[in-house]
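Following the numbering used here, the numbering of the sequence shown begins with 8 at its first residue and continues without gaps.
We put the beta carbon where it would ideally sit given N, CA and C, even for glycine.
Computed from a predicted model, the values in this text were never measured in an experiment.
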Amino acid sequence: MTLGFIRSQNSGNLMTIDQQQRSSKASLFAKHVFMYYVVGGIGVLVNLGILYTLKEYVGLWYLASSAIAIYVSMTTNFILNKSWTFKDTMVKQSTLFMYVKFIGISIIGMLIQLGFNYLFVNNLQMYYLVAAFISIVIASGVNFVLNRKITFGIRL
């Protein structure tokens with residue numbers, strides 16, 4: 008049990024140290040979610056841009072184009088998450104080791120994304136770019152939780 012009290016920054020009310028710590032953790036989590044999804048938004052643009060270019064201008068099959076686009080966007084996302092989203096809170100470790108973990112976890116997301124992409128295009132006759140976008144949204148939640156904890160070592 009904590010005996011200390013501190014003033015809340017927002018309301019001036021007294022809070023226990025435990026309450027303040029929980030509030031800080033929730034705030035950090037919300038900040039990470041926001042930043043992760045900003046990075047993810049950039050990754051979506053990279054992903055869809057490469058997918059469209061490879062499919063429409065190079066003539067590759069949409070799933071092959073999608074796999075290449077996913078890999079490039081995974082690398083972009085890793086760099087941005089390491090240097091921005093989690094830079095002040097991540098566990099110190101080798102960048103290569105972190106990248107390997109990030110790619111391993113992202114492959115899970117890629118398989119989820121490709122599976123839904125295939126389902127939406129082939130079974131539901133959905134336009135491939137719309138299918139890719141929806142598949143990205145589905146896979147991104149899994150990637151956030153796993154990468155935050157495993158790759159970047161954020162404890163919450």
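Test item: CB-CB of residue i and residue j under 8 Å
| i | j | result |
| --- | --- | --- |
| residue 83 | residue 39 | no |
| residue 54 | residue 112 | no |
| residue 149 | residue 69 | no |
| residue 133 | residue 110 | no |
| residue 61 | residue 75 | yes |
Continuous alpha helix (DSSP H) stretch holding residue i: start and end
| i | result |
| --- | --- |
| residue 148 | 135-153 |
| residue 108 | 102-125 |
| residue 64 | Per DSSP, residue 64 belongs to no alpha helix (DSSP H) and is neither H nor E. |
Which listed residue (the options) has its alpha carbon closest to that of residue i
| i | options | result |
| --- | --- | --- |
| residue 147 | 138, 115, 160 and 96 | 115 |
| residue 57 | 138, 90 and 73 | 73 |
| residue 160 | 97, 42 and 61 | 97 |
| residue 47 | 86, 31 and 34 | 86 |
Residue i (DSSP reduced to helix, strand or coil)
| i | result |
| --- | --- |
| residue 157 | helix |
| residue 23 | strand |
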